[in-house]
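Below is one structure, written out as structure tokens; comments come after it.
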Amino acid sequence: MPDSVRARPQIRKLPPDVVNRIAAGEVVERPAAAVKELAENALDAGARRIDIAIEAGGLKRITIEDDGCGMSGDDLLLALDRHATSKLVPGTDGRVDLLNIHTMGFRGEALPSIASVSRMSIISRAAGEEAAEVFVEAGRIDGPRPAAFTGRGETGTRIEVRDLFHATPARLKFMKGERSETMAVTDAVKRLAMANPQVAFSLESNGRNILRYAAEAEGDAGRLARLGAIMGREFRENAVAIDAEREGVRLTGFAGLPTLNRGNAQMQYLFVNGRPVKDRLLVGVIRAAYQDFLARDRHPMAALFVDLDPEFVDVNVHPAKTEVRFRDAGNIRGLMIGALRHSLADAGHRASTTVAGFALGKARPEGAPTGALFQSGPQAYAQRPIYPAPPSPVQGGMAEAPSAYTPHLAPSARFEPEAARPPQDFPLGVARAQLHETYIVAQTADGIVIVDQHAAHERLVYEDMKRQMAAGGVRRQALLIPDIVELTEDEAARVLERADELAELGLEIEAFGAGAICIRATPALFGEMDTAGLIRDLADDFAEYDAGLALKERFEEVMGNMACRGSVRAGRRLNAEEMNALLRQMEATPHSGQCNHGRPTYVELKLADVERLFGRRG
């Protein structure tokens, strides 16, 4: 036989234990995955209490006990067979609809896969049945046999997994330290607890209590209480409710005010039909909804719950079921962004209470400083208009502001003298003083408000510019010589698919051969700009987030800079009428509680907190 002719390889069927170990490698990559799978089974069994205990990060021992419906001895044996499940019921024609999934776990792989790489024991009791127990080691089953069930309810299941991956020692080499594995288990349990507030959860590590959540009542109040227990009291106090529906898809949950933000996106959670998932769609949605309020390196807190017909979402994308694929991702994204923006607008001028808490934490009641700290009253200042003239053409390649730009509060506006009106008539109170020609001090019904006049007015001007741009459209400037941008064919196709959407924002593009884009016009507001860099950023955004965030963020940046130049500066003296005008405008303008970068525009201190600073309260 010539050397060039190779023997035909023989196709062999793998032994069952090898098949189970391969499945275990896909489904159970670490102890946290085993905890997640077993806890999901408990939830599908109707459990109202799930107690979890681990040792050595879960590698030495995992114990999960629930008060669900339980299993009989025969059910125990069947559950340890691969692809045996109670969660997929054949229809009248004998077929199983894999797109109509209403449970957490459904493949029937988790239990036998975990058992194939560990030493497992299961004790379970179903209603009207005697308790039964089975032992499994490296896939070999011993039992079932009668056992004593000591669960919290009359029915339930207790699963103990020891020496995870002892049958696959190579896998152990890739495990992280005990602390990292424990943190991963804790995160998995927290996500399940957030999705199921009506279920009590507890987690112990090496005999030490890690977390304990009592069962909450049904409804938004119970969900927010559970979210607050996990994400913190600050989130519970500064979250806005989300509730919207479109084309059979409902979005609920809570999102934090922009002034409550973090340095990373770890406090952003997404749940689809009660299933905690990690989806890059969420990152793009949150970024798009908050791009008006936060700098790019700051991230808001949110927990969003999407409920839709199971036929419109594929939960079988990932073996561990941590990713999903929507049939109409555009509808989901539009619903989420619209709902978030609407809820943030409904919050009005509200800023997070953490701002006041931080201020109080920095305050030190060590004696009052001497000297005049502030000037107050209308007699201290000459009458000056609060607003400067509209911005003139600016340097650096930016075009002038839209011609329709006129601030809402004109210098000639007259207000009722509010010094004589009670502060409780206004959420932000009545102006009493100006500190260092920068901060306005107002008295409210139960405290004081300190306003950063420049940041507050910057936000008001910015919102006014947005309204005018929305009403008048985006002006364009045609390029004398069109710019040609070279991309890959895939990148060019992604951008050209959104040509109509980009045209609404003033960016006119068209195809210019394979992998190239011709730019005919750009938004007039931008002036001279790096069009090639913008197009490449858009291509990346469409690939990663399914949205052209770069162009919208450029708009926010330019308008934000113009609003900054057109707003009241720090060091500007204001009279009482002007200060009160600014407060009333803030109350009437959504998002006025934070500047364009997510910083607060005012701090509210309750009278009780001020009294504590002076020792008048305990």
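Numbering of the sequence shown is given in the working numbering, commencing with residue 1 and proceeding in unit increments. Just so you know, even glycine gets a beta-carbon here, dropped at the ideal spot from N, CA and C. A quick note: this is a predicted structure, and the numbers were derived from the prediction, not measured.
- When DSSP reads this structure, Y602 sits in a beta bridge with V451.
- When C-alpha distances from T252 are compared across M529, G219 and V474, the shortest belongs to G219.
- Residue burial is scored here from C-beta neighbours: Q198 has fewer than 16 other C-beta atoms within 10 angstroms and is therefore classed as exposed.
- Selection A195, T63 and D51 evaluated against G274 yields A195 as nearest (Cα-Cα).
- Shown here for N261: same chain residues with a beta carbon closer than 7 Å to its own, the five before and five after excluded, namely L294, R298, H299, P300 and G598 in chain order.
- Contact fails between the stretch 237 to 248 and the stretch 271 to 288, because fewer than three Cβ pairs, one in each stretch, are under 8 Å apart.
- Note on Q268: 16 or more other CB atoms within 10 angstroms of its CB, so buried under the neighbour-count rule.
- Annotated three-state conformation of A570 is coil, per DSSP.
- Shortest Cα-Cα distance from L344 to any of A265, A241, A33 and F201 involves A241.
- Shown here, F312 sits in a helix according to DSSP, grouped into three states.
- With a cutoff of 9 Å on beta-carbon distance, G222 and N238 are scored as not near each other.
- Note that the C-beta distance between E130 and P112 is not below 9 Å.
- By the Cβ rule, the stretch 443 to 456 counts as touching the stretch 605 to 615, because three or more pairs are nearer than 8 Å.
- In this structure, I517 is the residue among I517, V277 and P31 with its C-alpha nearest to the C-alpha of G533.
- Nearest in C-alpha terms to G232, of all of V35, A302 and M183, is A302.
- Residue pairing by DSSP places P523 opposite R476 in a beta bridge.
- Counting C-beta atoms within 10 angstroms of its own C-beta, R573 has fewer than 16 neighbours from the protein chains shown and is therefore classed as exposed.
- Residue state for V199 is assigned as coil, using DSSP reduced to three classes.
- No residue range can be given for E528, since it is assigned to no beta strand (DSSP E) and is classified by DSSP as neither H nor E.
- Check the Cα spacing between D490 and each of Y213, E510, A543 and D187: the tightest is with A543.
- For R520, the closest C-alpha among the options G73, E528, E508 and A470 is that of E508.
- In this structure, G58 sits away from T155, with a CB-CB distance that is not shorter than 9 Å.
- In the DSSP assignment, P300 forms a beta bridge with N261.
- Non-local C-beta neighbours of N331 in its own chain, meaning closer than 7 Å and more than five positions away in sequence, comprise R246, E247 and V249, ordered along the chain.
- Annotated three-state conformation of A244 is strand, per DSSP.
- By the criterion of a C-beta distance shorter than 8 Å, T488 is surrounded in its chain by G515, once the five residues flanking it on both sides are discounted.
- Contact check for L281 against R341 fails: the beta carbons are separated by 9 Å or more.
- For D66, no alpha helix (DSSP H) segment is defined; the enclosing uninterrupted segment is the beta strand (DSSP E) at R61 to D66.
- Here the alpha carbons of D307 and M469 stand approximately 35 Å from one another.
- The beta carbon of A47 sits closer than 8 Å to the beta carbons of D66, D67, G68, G156 and V199 from its chain, once the five residues preceding and following it are set aside; these are given in chain order.
- Taking a C-beta distance under 9 Å as the contact criterion, I11 and L203 do not qualify as a contact pair.
- Looking at N206, E178, R179 and Y213, the one whose alpha-carbon comes closest to that of V189 is Y213.
- The three-state reading of DSSP puts D279 in coil, since its state is none of H, G, I, E or B.
- Annotated three-state conformation of N209 is strand, per DSSP.
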